[in-house]
Each structure stands twice: as C-alpha cells, then as structure tokens.
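Line by line, the protein sequences give chains B and L. Sequential numbering of the first sequence, starting at 3, is according to the working numbering. Sequential numbering of the second sequence, starting at 390, is according to the working numbering.
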Amino acid sequence: MEAHLPILQVVVPLMAAPICVLLRRREWAWAWAAVITWLSLAMAVALLRRVLSAGVISYAVGGWVAPWGIEYRLDAVSAFLLVLVALIGAVVVLYAPASIAGELPRARGNLLYAAYLLCFTGLLGIVITGDAFNLFVFLEISSLSGYALISLGADRRALHAAYQYLIMGTIGATFYVIGVGLLYMMTGTLNMVDLAARLQPVLWTRTVLVAFAFLSVGLSLKLALFPLHLWLPNAYTYAPSFVTAFMAATATKVSVYVYARFFFGIFGARYSFQSLHIETFIVPLALLGIFVASLVAVFQHNIKRLLAYSSIAQIGYMILGIGFASVTGLTATLVHLFNHALTKGALFLSMGCVAHRVGSVDLRAMRGLGRRMPFTMAAFVLGGLSLIGVPLTVGFISKWYLVLAALEHGWWPVAVLVLSGSLIAVVYVWRVVEVAYFREPDPSAPVVSEAPLSMQLPMWLLVAGTLYFGVHTSLTAGVARRGAELLAGGSP
Amino acid sequence: MSSPLVAAAILLPALGAPLIALAGRRPNLREAITLVTGGLTFLLVLSLLPAVSGGARPGAELVQVLPGLALAFEVEPLGMVFGLVASGLWIVTSVYAIGYMRGHHETEQTRFYAFFALAITAALGVAFARNVFTLFLFYEALTLTTYPLVTHHRTPEAMRGGRVYLGILLFTSISFLLLAVVWTWHLAGTLEFTPGGILAGRASPGMLTVLLALYAFGTGKAALMPFHRWLPAAMVAPTPVSALLHAVAVVKAGVFAVVKVVVYVFGIDLLRDTGVSVWLMYVAGATVVLASLVAMTQDNLKARLAYSTVSQLSYIVLGAALANSWSVVGSGMHIAMHAFGKITLFFCAGAINVALHKTEISDMAGIGRQMPVTMAAFAVGSLSVIGLPPFGGAWSKWYLVLGAVRADQMVFVAVLAVSSLLNIAYLMPVAVRAFWPGAAAPATGGHAGLHEAPVLCVVPLCLTALGCLLLFFYSGSLYELLRPLVGL
C-alpha cells in the first residue's frame with residue numbers, strides 16, 4: 003500500500019468523482035467529497051514526510067519503467083505543493099456546504115462536488131507527475147472541471163466568465179501541448195528527467211526555441227501573468243465563493259510551479275536565463291503586473307474583484323522571483339506560493355462569509371460590518387496585513403526574500419518597486435477597513451449576524467496558518483530553499 | 390544572559406489587554422486592571438535596572454523566524470531608559486486618562502484602554518529589541534496599535550487624521566526602513582545590535598550615507614522633516630493619546646530607533662571617521678528651527694505642542710548625528726527629559742480642555758486664576774523643555790551643546806541656542822499670560838474663581854512636573870547609566 007501511495011494520491015479522488023455523481027442527496031455527496039479530500043491530505047502528508055526524510059520518490063505507473071512508462075516523481079518542492087493543494091482542498095471542503103446553501107440553493111450537490119473532486123484530482127496530478135504529457139492530461143482535467151465550477155456561480159455573468167476562461171485556458175493548454183509535442187519531436191521522450199538530459203544537445207535548434215516560446219506563453223496564460231491575465235478577474239469574481247477560494251489558492255500556484263520546473267529543471271537555468279535572457283521579458287511583465295493590478299484593485303467596489311486583481315499582483319511577485327534566477331529569488335517564489343495560498347484563501351473565505359450574510363460583496367454593502375461581523379472582518383484585516391507584508395505574517399517572509407534577491411543582484415529599482423507594491427496594498431486594504439469600521443451601517447439594510455461556525459472555522463484555520471508560518475518558517479522557507487537549490491542547480 | 394523577566398515585562402501589557410476588554414462592562418474594574426498591569430509592568434522593568442547598571446545585558450530569545458533572524462530581546466542602557474520612561478509614564482497617563490475620559494464623557498473607553506495596553510507592549514518591544522528585525526517588528530506593531538487610538542472619535546476629521554498618520558508612518562517604514570533593514574542584512578549578514586556597529590568595512594561611505602538616509606527617513610516616528618506631518622495630524626486624538634504619543638511611546642520609539650541604529654548598527658566611530666552623518670546634522674538642525682518657527686504661528690495649543698515636539702525630537706536625532714560620546718549621552722538624556730516635560734504640557738492642555746473647554750491659546754489669557762496648579766505645572770514643563778535649570782531639560786541640552794563643540798560643529802551650537810530662544814517665544818507666553826493677562830480681558834468662560842480640572846487629571850501633571858525638577862538633581866544617575874553606551 004505504502005509503495006503505491008503516489009498513484010493512489012491521484013486515483014482515489016479521480017475514482018471518487020463519478021461515485022459522487024451517484025449520491026443524490028447533497029449531504030451525502032458532500033460527506034463523500036470531504037472524506038476523500040481528507041484522505042488525500044493524509045496521503046499527501048505521508049508522502050511529504052517520506053520525501054523529506056528519504057529523498058526523491060520515483061514511482062512507475064503500472065510497473066512500466068521510465069522513460070517509456072509514465073513516472074510519478076516527488077521531490078521536496080512537489081511534495082510540499084502536494085500538501086498545500088490537499089490542505090486548501092481539505093479546508094475549503096469544510097467551508098463549502100454552508101456557503102453553497104446560501105449562494106447556490108438550487109445547485110445539484112452531486113454534480114458540484116464531483117466537479118470539485120475532479121479539479122482536485124487534476125491539480126494533485128499536475129504536481130505529482132514526472133511526465134510532460136501526463137501533466138497536460140491533468141491540466142485539462144483540472145481546467146475543464148474548473149470552468150464548470152466557475153459557471154455555477156449565482157450571478158449570470160459567471161457563465162460568461164467561465165467561457166472567457168475556457169477560451170483563454172484552452173489556448174494556454176494547447177500552446178503547452180504544442181510545446182511538449184515539439185520537444186518530443188526533438189528528443190523522443192516525454193519523461194521530464196529524460197527530457198532534461200536529451201534536450202542538452204539539441205537546445206540550440208530553432209524547434210526547441212519555438213517549443214520554449216509556446217510553453218512560456220501557454221503557461222503564462224494559465225498562471226495569469228500580465229498581460230495574459232484577462233480571464234482571472236471575472237472568473238474569481240463571479241464564481242461561487244468556495245470555488246474562488248479554492249482556485250485562487252491552488253490553480254495559479256500550480257501553474258507557477260510548472261513554469262519554474264520547465265525553466266529551471268528541464269531547459270536549465272543556463273539556457274533560459276544566460277542564453278535566452280528570458281528575464282528581460284518576465285521581469286518587466288511581472289513588475290507591470292504588480293503595479294497595474296494593484297492600482298486597478300484600489301478602485302474596485304466589488305471586494306472579490308479587488309482580491310482578484312490583488313492576486314494578479316501577487317503572481318507578479320512570484321514570477322519576479324523566478325526572474326531573479328538565483329537561489330534566493332527562487333526561494334522567494336516557492337515560499338510565496340505557499341504564503342499567498344494561505345493568505346488569499348483566508349481572504350476569499352472571509353468574503354464568502356460576508357456574501358453569505360449580506361448577500362453582496364460590494365463595498366457599499368459592507369458599511370459598519372466591523373461591528374456586525376467582528377470575527378469575519380478581523381480575519382480580513384489579518385489577511386490584509388499579510389498581503390501588505392507586516393512582520394509576523396507570511397507575507398513578510400515572501401517580501402523579505404524578494405527584496406533580498408533584488409539586492410543580491412544589485413537591482414535597486416526592483417527592490418523599491420516591490421516595496422511600493424506593498425504600499426498600494428495598504429491603500430486597498432485600508433479602504434475596506436475604513437468602510438467596515440468607520441462607517442455606520444445603512445439603516446435600511448437588514449441587520450446581519452456573524453457567519454456560521456462551519457464557515458468561520460476553516461477561515462480562521464487559514465488565518466492561523468498565515469500567522470503561524472509567519473513566525474515558524476523552518477518548514478516553509480526551509481523546503482522552499484531546498485527546492486530552490488535543487489531547481490536552480492539544474493535538477494529536473 | 391537569558392532572563393524571563395524581560396519577556397514578561399514586554400508581554401504583560403498585552404496580556405492585560407484582553408482582560409481589559411472583558412471587563413468592559415465594569416469601568417472601575419477595567420481601570421483597576423489597567424493600573425495594576427501598569428504597576429506590575431513598571432516593577433518588572435525596574436527590576437532589570439540593577440543588572441543593566443552593573444553591566445549585564447539580560448535578554449531572551451523567543452523564536453528564530455528565519456535562519457539568523459531571531460525575535461529576541463536584550464536590555465542595554467538606552468533601552469533601559471526608554472523602557473523605564475515608557476512603563477513609568479504609562480501608569481501616570483492611565484490615571485490621567487481615567488480623569489480625562491470620564492470628565493469628557495468619552496465613548497468606547499474599553500477599546501481605548503485595551504489598545505493603550507497593546508501599544509505599550511509594542512513600545513517595550515522596541516525598547517528591548519536585540520536586533521533590527523525585532524525593532525522593526527514592534528515598530529510596525531506600534532503604528533498599527535496606535536491607529537485605533539488616534540482615530541478614537543471616529544469622526545470624519547479623525548478618519549482624515551488617521552489616514553495621514555497611517556499613510557506617512559507606513560509609507561516611510563515600508564519604503565525606506567524595510568529596505569534599510571534588508572540591505573543591512575545583505576551587507577553585514579547579521580542584524581544584531583553590536584557595540585561598535587556591524588557595518589565597518591562593509592560598504593563605501595556613499596553607500597553608508599544612503600543607508601543612513603533610509604534609516605533616518607524610514608523612521609517616520611522620529612518626525613524628521615519632511616515626514617513630520619503625521620504628528621500634528623494625530624492631534625485629533627483624545628489628549629491622553631497625544632500625551633502618550635508625544636512623550637512616551639510613539640515619538641520616543643522613533644528617535645530611540647535612530648539613536649540605537651547609529652550606535653549599534655553604524656557605530657559612532659565609523660560615522661565620525663567617514664562623516665557619513667553630516668548631512669543628517671543639517672536636516673535635524675533645519676527641522677529644529679523650522680518646526681519651532683511653525684510652532685510660533687499655531688494658536689491651537691495642542692498643535693503648538695505638536696510642532697514643539699517635532700523640533701525637540703530633532704534635538705535627539707542631531708545628537709545621534711553628531712556622533713560623539715557627549716552628544717549621544719545628551720540624546721539619551723533628552724529622551725527622558727523631554728518625555729517628562731512634554732507630557733506635563735500635554736496633560737495641562739487636556740486639563741484646560743476638560744475644565745474650561747478651551748483649546749486656543751488666544752482664549753487662555755487669565756486662566757491662571759481658575760487653574761493655578763495646572764498653569765504652574767505648565768510653566769515648569771515649559772522651562773524644562775526650554776532647557777533652563779533647575780529642570781531636567783537643562784542637562785540634556787548641556788550635553789548636546791558639549792557634543793556639538795566636541796564635533797567642531799559650532800553652527801549647531803548656534804542652532805541649539807536659537808531654538809532655546811524660540812522655545813521661550815512660543816511656550817512662555819502661554820503660562821505668563823495665564824497669570825498676568827495684562828491688557829487682555831480675563832476670559833472667564835463662565836467659571837469665575839477656582840475651577841481646576843478633575844483631581845485625577847491634576848495629580849498626574851503635578852507628578853510629572855515634579856519629575857522634571859527631580860530629573861535635574863538625579864541626572865547624574867542617568868549619566869552613569871548611559872555612559873557604557875558610548876564607552877565614557
């Protein structure tokens with residue numbers, strides 16, 4: 003059993019999804035989804051512990067040895083990300099029933115949770131697989147179920163948002179598979195480790211260059227790098243709250259991970275940065291993303307949309323870390339994957355609580371909410387402080403490594419710009435704080451009470467995570483550093 | 390030397406905060422908790438004094454946040470002075486606040502006392518920080534915990550003041566101070582406060598100049614121009630908050646951080662040899678004079694006192710920038726002397742507001758008849774701030790002047806002298822005209838005869854005024870405590 007944990011990690015939720023469809027009662031579908039998610043979390047934690055103590059795990063699916071068969075490969079980074087995805091899924095699935103009861107009263111629970119399990123499977127699969135085409139399969143699994151989940155949103159615009167995401171996401175996935183196809187053409191293999199080795203002699207051919215271009219653009223679409231981010235604001239705003247929280251905390255992070263894996267692990271840092279100088283593209287785009295997205299966030303009334311633009315900015319930080327092409331920079335990216343997942347997860351869950359009680363996430367409807375929903379708004383403030391990067395929160399750790407990486411390169415303006423991004427975050431977080439705490443509630447609005455406990459506890463779990471891992475960073479920053487050294491050292 | 394007392398002293402007020410919040414329904418119990426917590430905290434801090442005077446450096450390490458970056462405390466002479474001032478004056482301010490908040494029928498008093506306690510924890514965390522990271526952490530915590538205090542009244546005016554407050558303090562700390570902290574780590578590989586500094590030989594004088602600028606302007610709480618506007622903006626707060634901000638916690642945390650960085654990160658020898666801090670002398674000197682000039686134009690008493698504080702804080706920064714033993718000792722002493730002088734003045738301003746509902750100086754002619762004790766204390770506080778014996782301010786000014794002479798910067802002797810004259814010009818008339826209104830008709834404001842502030846307001850301001858006097862005679866002990874700081 004132990005030896006087959008890698009494949010079980012993916013197969014269990016995958017097979018559980020159709021079973022979920024058969025469970026007609028919403029409560030049963032939810033219970034089934036929750037059990038499977040928590041089981042997956044247990045498996046992911048077991049895998050992480052094994053990797054941290056024993057090193058890289060390699061598993062041949064179906065007994066077919068790599069590079070002919072599909073290999074599942076876990077090193078420190080991917081195991082860590084596996085636990086992150088499973089953890090977010092586990093927390094969100096606890097939050098889901100009350101949230102859905104409020105937002106989507108007529109939704110078919112069996113279909114919704116089945117789609118959720120498929121999305122969960124896809125994301126886990128992307129992280130765990132060591133085969134480039136297998137990654138595409140899981141990418142599509144997670145994307146298609148993601149589109150379905152987003153389209154379930156109560157607002158009619160959710161359908162349009164899902165469609166927009168579908169078009170752009172499919173272009174991204176198609177570019178990815180074209181890139182992989184070109185690489186297969188030049189090397190004859192799809193296994194990532196083998197690809198890294200066999201690419202070396204053919205790196206300077208035009209085909210590989212084109213493959214690199216397709217892969218970069220395709221993945222950039224998936225991770226919402228400016229200016230390929232256009233799908234994200236609508237998708238996050240109109241999706242059901244728990245879907246937004248889940249996807250904001252996992253989907254783009256996983257795509258950033260794949261990006262880093264390809265640039266550093268497969269193509270190698272020497273090719274990507276010293277020859278092609280990809281950083282001349284991605285660093286300016288990342289900085290633009292940080293600035294433009296943060297500034298746009300300041301002017302939003304819909305707080306979910308504000309947080310969506312904030313996410314685009316945070317993804318800019320992660321890509322910036324990759325652009326530094328140094329161990330510190332990559333550490334910043336990897337640690338921010340985790341930190342931002344916790345922070346944004348908590349923030350979107352708090353907005354879900356607000357939507358549940360107030361019926362809207364518009365700033366104008368949130369007047370005086372600090373008094374009516376003190377715990378929810380307190381969670382928002384703490385998440386906001388992490389976005390700003392106040393010490394003792396996880397956000398500070400990410401900012402620390404980013405600025406340090408910039409200083410190590412001697413890139414002063416970049417360090418200043420990273421900190422300026424924090425300042426803009428202060429502005430948009432404080433907008434919400436002022437309305438919630440300084441304004442009197444609208445007399446005509448119905449009096450609301452605090453969100454139910456089943457929604458508050460998962461939210462506070464993530465908030466506690468942002469504070470705990472802001473102080474005890476040995477796990478997160480330690481793994482990030484190990485991963486960065488592995489990847490930057492050229493390990494595929 | 391690990392000592393649980395250090396962490397206990399810092400955390401005790403924070404532990405008191407939830408208790409205060411819980412006792413919200415019973416004001417007397419709530420106030421009692423505040424006073425007991427304050428008393429215990431002061432005693433804990435005081436218990437550290439013998440060890441520190443004897444040369445020991447008690448401390449505690451809480452947790453390693455990142456490899457090499459620890460959340461850790463260590464008490465050294467300068468921190469001891471600030472810690473004593475902060476914890477001691479908290480008790481006095483709490484008594485005053487009880488009188489003021491009740492006399493003024495203020496709302497939301499529970500929130501006030503709770504955040505007060507949290508702010509004191511932040512201030513003590515700054516005082517006892519062992520490294521720049523811990524200092525930065527508690528410095529930010531101080532900004533955030535004092536925000537609800539500044540915006541206490543929740544009026545649009547308070548909100549605007551709060552925006553300026555938070556805006557300038559967070560802007561400076563994130564843009565400049567955090568950059569300085571990461572840069573220092575990058576240069577020196579450590580952030581621990583070390584006698585003699587950690588930057589010797591690590592960077593060129595040009596780089597060090599920029600780094601010092603980042604620290605000086607990044608410490609917005611030190612109110613160096615042009616980042617001083619938050620201080621007058623914070624006047625929207627209730628007066629006990631202003632007393633706390635302008636004497637005890639926030640501003641002193643700012644200048645304390647500057648002096649600490651100068652002594653323990655750069656090292657005064659390095660600064661003296663390279664001349665990296667000369668520009669800072671001029672910025673501080675300019676702030677001293679310009680702020681005094683602005684103070685003279687203010688009719689609102691709290692605004693005048695705010696600009697006076699901006700000016701006095703730059704005395705301390707000037708002392709640090711002069712980078713020699715005398716001036717740094719003068720800076721350290723001024724932290725204590727100015728604290729007592731200014732808190733007295735603010736207490737008086739609040740007392741006048743509560744008793745006679747007056748805020749403008751032009752209305753305050755002749756109020757000495759109605760509030761003799763308050764105005765006498767005001768006179769004492771003024772004389773201490775001006776720097777005349779027999780009040781404490783004389784000694785700190787003396788050492789600052791000595792330091793300027795020692796550093797061969799005679800222009801700053803002139804700056805200090807001019808500033809003293811300006812201080813007389815904007816402080817003395819308030820007290821003088823209160824007792825001898827002269828041609829101006831005495832403004833009775835409907836209360837002829839004796840009408841002092843509530844006793845809980847008057848007693849604290851008498852105590853702090855007495856403190857100004859006592860500090861003159863006990864300045865020797867202060868000097869003895871601060872000597873090891875600069876190796877005198």
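Virtual Cβ for every residue (Gly too), placed ideally from N, Cα, C.
Q.
Using beta carbons (cut-off 7 angstroms, strictly below), is F440/B in contact with chain L?
A. Stepping through the first sequence from its first residue, residue 440/B is reached at position 438. At a cut-off of 7 angstroms between beta-carbon atoms, F440/B makes contact with chain L.
Q) For a contact meaning CB atoms closer than 8 angstroms, what does S564/L contact in chain B? A) Numbered from its first residue, the second sequence carries residue 564/L at position 175. Near S564/L (Cβ distances below 8 angstroms), the residues of chain B are V418, L421, S422 and L425.
Q.
Counting C-beta neighbours from all protein chains within 10 Å, is the total for V670/L 16 or more, i.e. buried, or is it exposed?
A. Your numbering for residue 670/L matches position 281 in the second sequence. The amino acid occupying residue 670/L in the given sequence is Met; Val does not appear at that position. The residue in question, M670/L, is buried, as its Cβ has 16 or more Cβ neighbours within 10 Å.
Q.
Between which two residues does the alpha helix (DSSP H) holding L389/B run?
A. Indexing the first sequence from 1 puts residue 389/B at position 387. Counting along the chain, the alpha helix (DSSP H) containing L389/B begins and ends at P376 to I390.
**Q.** Whole alpha helix (DSSP H) elements within the region 419-504 of chain L, 4-residue minimum
**A.** 438-442 and 466-492
Q. T496/L: buried (16+ other C-beta within 10 angstroms of its C-beta) or exposed?
A. For the purposes of this step, residue 496/L is identified with residue 107 of the second sequence, where counting begins at 1. So T496/L ends up on the exposed side.
**Q.** Any C-beta of chain B under 7 angstroms from that of M548/L
**A.** The residue given as residue 548/L occupies position 159 in the second sequence. Output row for M548/L: interface = yes.
**Q.** Simplified DSSP state of I813/L, which is helix, strand or coil
**A.** Taking the second sequence and counting its residues from 1, the one referred to as residue 813/L is at position 424. Helix, per DSSP.
Q) For A783/L, which of helix, strand or coil comes out of DSSP? A) What you label residue 783/L is simply residue 394 of the second sequence in a count that begins at 1. In the structure shown, A783/L sits in a helix (DSSP, three-state: H, G or I).
Q) Thinking just about the alpha-carbon of each residue, which of V774/L, L867/L and V743/L is nearest to the one in L810/L? A) Here residue 810/L corresponds to residue number 421 of the second sequence, with the count starting at 1. That would be V774/L, whose Cα lies nearest to the Cα of L810/L.
Q.
Do A680/L and A700/L have their beta-carbon atoms positioned less than 7 angstroms apart in this structure?
A. Working through the second sequence from its first residue, we reach residue 700/L at position 311. Working through the second sequence from its first residue, we reach residue 680/L at position 291. Note on identity: in this sequence residue 700/L is Ser, with Ala being the wrong assignment. Their beta carbons are under 7 angstroms apart, which means S700/L touches A680/L by this criterion.
Q) Can you find a C-beta in chain B that's less than 7 angstroms from the C-beta of H575/L? A) As a first step, residue 575/L must be located in the second sequence, where it is residue number 186. Chain B, which has a Cβ nearer than 7 angstroms to the Cβ of H575/L, makes this yes.
Q) Would you call the region 343-351 of chain B and the region 460-479 of chain B touching, i.e. three or more CB-CB distances under 8 angstroms? A) In this structure the region 343-351 of chain B lies against the region 460-479 of chain B, because at least three pairs of beta carbons, one per stretch, are closer than 8 angstroms.
Q: In angstroms with no decimal places, state the Cα-to-Cα distance between F440/B and R369/B.
A: Here residue 440/B refers to the residue found at position 438 of the first sequence. Here residue 369/B refers to the residue found at position 367 of the first sequence. Answer to the nearest angstrom: the Cα atoms are 8 angstroms apart.
Q: Could you pull out every residue in the same chain whose Cβ sits closer than 6 angstroms to the Cβ of V285/B, ignoring the five residues on either side in sequence?
A: Within the first sequence, the letter at position 283 stands for residue 285/B. Excluding positions up to five away in sequence, the list reads G325.
(Q) Between T475/B and chain L, is the shortest Cβ-Cβ distance under 7 angstroms, so that the two count as touching? (A) Locating residue 475/B in the first sequence gives position 473, counting from the first residue. By this cut-off, T475/B is an interface position.
Q. Looking at the C-beta of V465/B, does it have a partner C-beta in chain L at a distance below 7 angstroms?
A. Translated into the one-based positions of the first sequence, residue 465/B becomes position 463. Answer no: the Cβ-Cβ gap between V465/B and chain L never drops below 7 angstroms.
Q) Using a Cβ-Cβ cut-off of 6 angstroms (strictly less than) and excluding sequence neighbours within five positions of F525/L, which residues of its own chain qualify? A) Position 136 of the second sequence holds residue 525/L. Answer for F525/L: V570, listed in chain order.
Q) What residues of chain L sit near I399/B, judged by a beta carbon separation below 9 angstroms? A) Walking along the first sequence from the start, residue 399/B turns up at place 397. Chain L residues near I399/B: V454 and L455.
Q) When burial is assigned at 16 or more other CB atoms within 10 Å of the CB, is S593/L buried or exposed? A) For the purposes of this step, residue 593/L is identified with residue 204 of the second sequence, where counting begins at 1. By the neighbour-count criterion, in which 16 or more other beta carbons inside 10 Å mark a residue as buried, S593/L falls on the exposed side.
Q: Rounded to whole angstroms, what's the CA-CA distance from R484/B to A56/B? Just pull it up for me.
A: For the purposes of this step, residue 484/B is identified with residue 482 of the first sequence, where counting begins at 1. For the purposes of this step, residue 56/B is identified with residue 54 of the first sequence, where counting begins at 1. Using only the alpha carbons, I get a separation of about 14 angstroms.
Q: Compute the Euclidean distance between the alpha carbons of M624/L and M548/L, then round it to the nearest angstrom.
A: In the second sequence, counting from the first residue as 1, residue 624/L sits at position 235. In the second sequence, counting from the first residue as 1, residue 548/L sits at position 159. Going by the C-alpha atoms only, they are around 12 angstroms apart.
Q) What is the DSSP secondary structure of I59/B, reduced to helix, strand or coil? A) Start at 1 with the first residue of the first sequence, and residue 59/B comes out as number 57. In the structure shown, I59/B sits in a strand (DSSP, three-state: E or B).
Q | A394/B: contacting residues in chain L (beta-carbon distance under 7 angstroms) | A | Looking up residue 394/B in the first sequence gives position 392. Reading off the sequence, residue 394/B comes out as Leu, not Ala. In chain order: L526.
Q: Mind listing, in chain order, the continuous alpha helix (DSSP H) runs of no fewer than 4 residues lying wholly within the region 592-647 of chain L?
A: 594-607, 619-622 and 628-632
Q.
Judging by CA-CA distance, which residue of L601/L, R758/L and T544/L is the nearest neighbour of V648/L?
A. Within the second sequence, residue 648/L is the residue found at index 259, counting from 1. Minimum Cα distance to V648/L is reached at L601/L.
Q: Grab me the residues of N304/B's own chain with a C-beta within less than 7 angstroms of its C-beta, minus the 5 sequence neighbours each way, in chain order.
A: Locating residue 304/B in the first sequence gives position 302, counting from the first residue. Once the five neighbours on either side are set aside, the close Cβ partners of N304/B are T239, V363 and D364.
Q: Please confirm if the region 10-27 of chain B is in contact with the region 109-119 of chain B, defined as three or more CB-CB distances below 8 angstroms between the two stretches.
A: yes
Q) Among L221/B, R159/B and L161/B, which residue has its Cα nearest to the Cα of V179/B? A) Walking along the first sequence from the start, residue 179/B turns up at place 177. Of the candidates L221/B, R159/B and L161/B, the one whose C-alpha sits nearest the C-alpha of V179/B is L221/B.
Q: At 7 angstroms on the CB atoms, spell out the chain L contacts of L409/B, in chain order.
A: The residue labelled residue 409/B in the question sits at position 407 within the first sequence. Ordered by position in chain L, the residues that pass the 7 angstroms Cβ test against L409/B are V571, W572 and H575.
**Q.** Start-to-end residues for the beta strand (DSSP E) that takes in E73/B
**A.** The residue labelled residue 73/B in the question sits at position 71 within the first sequence. E73/B -> beta strand (DSSP E) spans E73 to L76.
Q. Going by DSSP, which residues form a beta bridge with A133/B?
A. Along the first sequence, one-based indexing puts residue 133/B at 131. In the sequence under discussion, the amino acid at residue 133/B is Asp, which differs from the Ala named in the question. According to DSSP, D133/B bridges with N193/B.
**Q.** Anticipated Cβ contact below 8 angstroms, A438/B with G354/B, distance rounded
**A.** Locating residue 438/B in the first sequence gives position 436, counting from the first residue. Locating residue 354/B in the first sequence gives position 352, counting from the first residue. About 16 angstroms separates the beta carbon of A438/B from that of G354/B, a gap too long to meet the 8 angstroms contact definition.
**Q.** Within-7 angstroms CB hit, E463/L to chain B
**A.** Locating residue 463/L in the second sequence gives position 74, counting from the first residue. It does not: the Cβ of E463/L has no partner Cβ on chain B nearer than 7 angstroms.
Q) Nearest to A605/L by alpha carbon, out of L566/L, R795/L and G413/L? A) The residue you call residue 605/L lines up with position 216 of the second sequence. It is L566/L.
Q. Mind checking whether I756/L and A823/L have CB atoms under 7 angstroms apart?
A. Numbered from its first residue, the second sequence carries residue 756/L at position 367. Numbered from its first residue, the second sequence carries residue 823/L at position 434. Taking 7 angstroms as the Cβ cut-off, I756/L and A823/L qualify as a contacting pair.
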